[in-house]
DNA sequence: ATGACGATTTACT
DNA sequence: GTAAATCGTCATA
């Protein structure tokens, strides 16, 4: 599996299982000029869909913006927030089950100079240590919304070295204080001790 | 047509 | 620690 593109089967799981499984895998972004940017996934949040007050699909809310959440597992859900930031999610489970995993941080691997240029930052830990930071570093925007990670050349995920359960830490999700009880659930998973996670 | 609000980041006190 | 930046999207009218 290592080095191979992840399959549909990998993605068609519940968002918590998928979030943990995504840790350690390699996000690959091929730019229009052919350059490849890659990074190891080190932080992911799970959004549980219709029942999850913090999810964009809470209560079955379905709009033009969040339509990608209803796609089959393995598609990209890219959304715009706070008037200036893009965030990248991997859709989990099957078609019509609007759950997803928000990729929150990556450990930069290839194309680091390009990422520094796009971020306007020189410190490696400032390149992809947050959902909007990594979107900027990886040139992710609305053009990738709805992309199929199983078949797209522009964006996909390769098998890396999976992070063992004993090295996965769990914490509350970030920025969802409005979600009442759901903000307290530990649905944010990250590689324990990794320097590239958000919120040092 | 209008108003409120973000699954964030950055800079500043 | 607090707050500004900044605007597409959505709900209401």
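Residue numbers (our numbering): 49 to 248. Glycine included, each C-beta is placed from N, C-alpha and C at the ideal position. Since the model is a prediction, treat every value here as computed from it, not as a measurement.
| Item | Value |
| --- | --- |
| Element boundaries [alpha helix (DSSP H), containing residue 186] | Looking at the DSSP string, residue 186 is not in any alpha helix (DSSP H), and its letter there is neither H nor E. |
| Simplified DSSP assignment, three categories, for residue 215 | helix |
| Residue 176 vs residue 66 beta-carbon contact at 8 Å | no |
| Selected residue, minimal CA-CA separation from residue 190, among 163, 155, 97, 113 | 113 |
| Collapsed DSSP secondary structure at residue 191 in the structure displayed | helix |
| C-alpha gap between residue 105 and residue 212, whole angstroms | 30 Å |
| Where residue 125 falls, given that 16 or more other Cβ within 10 Å makes a residue buried | buried |
| CA-to-CA distance, residue 240 to residue 168, given in whole angstroms | 27 Å |
| Alpha-carbon spacing of residue 64 relative to residue 183, whole angstroms | 22 Å |
| Distance between beta carbons of residue 231 and residue 247, contact taken as under 8 Å | Their Cβ separation, rounded to whole angstroms, is 15 Å, which puts residue 247 and residue 231 out of contact at 8 Å. |
| Residue burial classification, residue 79 (beta-carbon count within 10 angstroms, cutoff 16) | exposed |
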